[in-house]
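> Sharing a structure, written as structure tokens. Questions coming.
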């Protein structure tokens, strides 16, 4: 116990250097834990980008490709699904609800999604959270109404009642504008931190009305053009859609329905389980995840090497101190233990300060991070894995403390007393 008191007194005598060393270790520990916490929660948030949906159905392609364009609005479908096929799927007694999705247009780089009222009723994200309107309402009977995601509204400074002109295709700058059929903003969704925030939502009738006078991907000219007012009185039932989100009455029937859809004879369809496809997609990004973790480990290693450097640098100046300790009866192993205890005390103080900095940072930024990125960082106790990391840091500090301890052990009493002031 007296060695610990002596180690603390020695550090207090060099408190400025000790404080800098502790702060360097604390920052590295805070970074390591923050990366681990963000990585864990990002994975959980990624996996819950869509929740409550049992199956995603699209044209036959790959599961990751279907997930990317139907959930993340990335890429394009290889083919569409006939409307009659959707009606048959929705009418199945094992299907509780069905959400049609139609993609293809955009607005200033943001994707446009054609869907039905079922989207606002049944779509879930996160831990089963429903979509909520920040202001306004969902689209109704008028086909030329649009509901904006939160990011779209904020980035483009749109408000309720504004006119929005959609563009053909998904390019940021499109040469073909649907300027003859503008949409009116009737609602703005609350922020979710998911691709919903970056999407403009219109009805399937609105999507059909945009292309009612198009032939083979080319807009009509002259007298062949159909105005917005004329389109309102036409049959706007879609002929095809891009994908379907399905919720089933029984989770037990999921695999049976999936197999039935994959063997559907009407047209080639693919049904995927969102959770499985999300894990498959996340595994593709595993290299970047591991690289970030390795970088944070090297930051911690840098902090510990800084501690070792500080102790070794001061060791030569403290040879007289060590010699005096030997002269009053301290054994060589006690001198060595003194330096090991100093290293451990510095590392322990750095770890405690690092954990405190982490929780202060989470408390200060929790609301902002959740609102902007949909990432919930809980103020929870460290997980078992995080405790393991902290223990490993302390063990590494002890091992590094052995280096100056061994040097102090080797120094003789005569060598220490021979140092000139």
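Residue numbers (the working numbering): 6 to 426.
Backbone N, C-alpha and C fix where the C-beta goes; we use that ideal spot for every residue, glycine too.
Only a predicted model underlies this, so the values are computations on that prediction, with no experimental measurement involved.
Can you round the beta-carbon distance between residue 94 and residue 103 to whole angstroms, since I take them to be within the 8 Å contact cut?
Rounded, the Cβ-Cβ distance is 6 Å, consistent with contact.
> Can you give the Cα-Cα distance for residue 197 and residue 172, rounded to whole angstroms?
Using only the alpha carbons, I get a separation of about 25 Å.
> Leaving out five residues before and five after residue 310 in sequence, what residues of the same chain have Cβ atoms less than 8 Å from its Cβ?
Here the set comprises 405.
> In its own chain, which residues sit with a C-beta less than 6 Å from the C-beta of residue 131, not counting the 5 before and 5 after it?
Cβ neighbours of residue 131 beyond the five flanking positions: 53.
> Taking the alpha-carbon positions, what's the residue 237 to residue 231 distance?
Whole-angstrom Cα-Cα distance: 10 Å.
> Going by Cα to Cα distance, which pick from 183, 112, 403, 392 is closest to residue 163?
Answer by Cα proximity: 112.
> From residue 384 to residue 86, what distance separates their C-alpha atoms?
Approximately 45 Å, taken between the alpha carbons.
> Starting from residue 115, trace the alpha helix (DSSP H) in both directions and tell me its first and last residue.
That residue, residue 115, is in no alpha helix (DSSP H); its beta strand (DSSP E) goes 115-120.
> Indicate the three-state DSSP secondary structure (helix, strand or coil) for residue 127 in the structure shown.
If DSSP states are grouped into helix, strand and coil, residue 127 belongs with the helices.
> If you measure between the beta carbons of residue 107 and residue 148, is that distance less than 7 Å?
Taking 7 Å as the Cβ cut-off, residue 107 and residue 148 do not qualify as a contacting pair.
> According to DSSP, simplified to helix, strand and coil, what is residue 110?
Strand.
> Under 8 Å Cβ to Cβ from residue 100, same chain only, skipping five residues before and after it: list those, please.
For residue 100, where only same-chain residues beyond five positions count, the Cβ hits under 8 Å are 94, 251, 252, 253, 254, 262.
> Is residue 256 buried or exposed, if buried means 16 or more other CB atoms sit within 10 Å of its CB?
Residue 256 is exposed by the Cβ-count criterion.
> What are the uninterrupted segments assigned as alpha helix (DSSP H) that are 4 or more residues long and contained completely in the segment 258-288, given in chain order?
Taking only runs of at least 4 residues, the alpha helix (DSSP H) segments lying wholly in the segment 258-288 are 259-267.
> So, do the segment 345-364 and the segment 27-36 have three or more beta carbon pairs nearer to each other than 8 Å?
Segments in contact, yes.
> Taking the Cβ atom as the reference point for each residue, do residue 74 and residue 80 lie within a distance shorter than 7 Å?
Their beta carbons are under 7 Å apart, which means residue 74 touches residue 80 by this criterion.
> Per DSSP, which one or two residues make a beta bridge with residue 372?
Residue 372 pairs with nothing; no bridge assigned.
> Rounded C-beta distance between residue 76 and residue 276? I'm assuming under 8 Å.
Contact flag wrong, Cβ pair sits at about 14 Å.
> DSSP on residue 64, reduced to helix/strand/coil?
Of the three classes helix, strand and coil, the one that applies to residue 64 here is strand, per DSSP.
> In the DSSP assignment, find the unbroken beta strand (DSSP E) run with residue 166 in it and report its ends.
From DSSP, residue 166 is part of no beta strand (DSSP E); its letter is neither H nor E.
> Grouping DSSP H, G and I as helix and E and B as strand, with all else coil, what is residue 491?
With the chain running from 6 to 426 in the structure shown, residue 491 is simply not present.
> So residue 141 and residue 203 are in contact, right, with Cβ under 8 Å, and what is the actual spacing, rounded?
Incorrect: roughly 18 Å between the Cβ atoms, too far for contact.
> Judging by CA-CA distance, which residue of 205, 45, 156, 127 is the nearest neighbour of residue 249?
Per the Cα distances, 127.
> Whole angstroms is fine: what's the gap from residue 244's alpha carbon to residue 392's?
The alpha-carbon atoms of residue 244 and residue 392 are separated by roughly 57 Å.
> Please state whether DSSP places residue 101 in a helix, a strand or coil.
Of the three classes helix, strand and coil, the one that applies to residue 101 here is strand, per DSSP.
> Compute the beta-carbon to beta-carbon distance between residue 472 and residue 206, rounded to the nearest angstrom, for a pair I have assumed lies under 8 Å.
The shown model of the chain, from 6 to 426, leaves out residue 472, and the question about it has no answer.
> So, is the C-beta of residue 92 closer than 7 Å to a C-beta in chain C?
No chain C appears in this structure, which consists of one protein chain only.
> Determine the burial state of residue 301: buried for a count of at least 16 other Cβ atoms within 10 Å of its Cβ, exposed for fewer.
Answer is buried; the Cβ neighbour count reaches 16.
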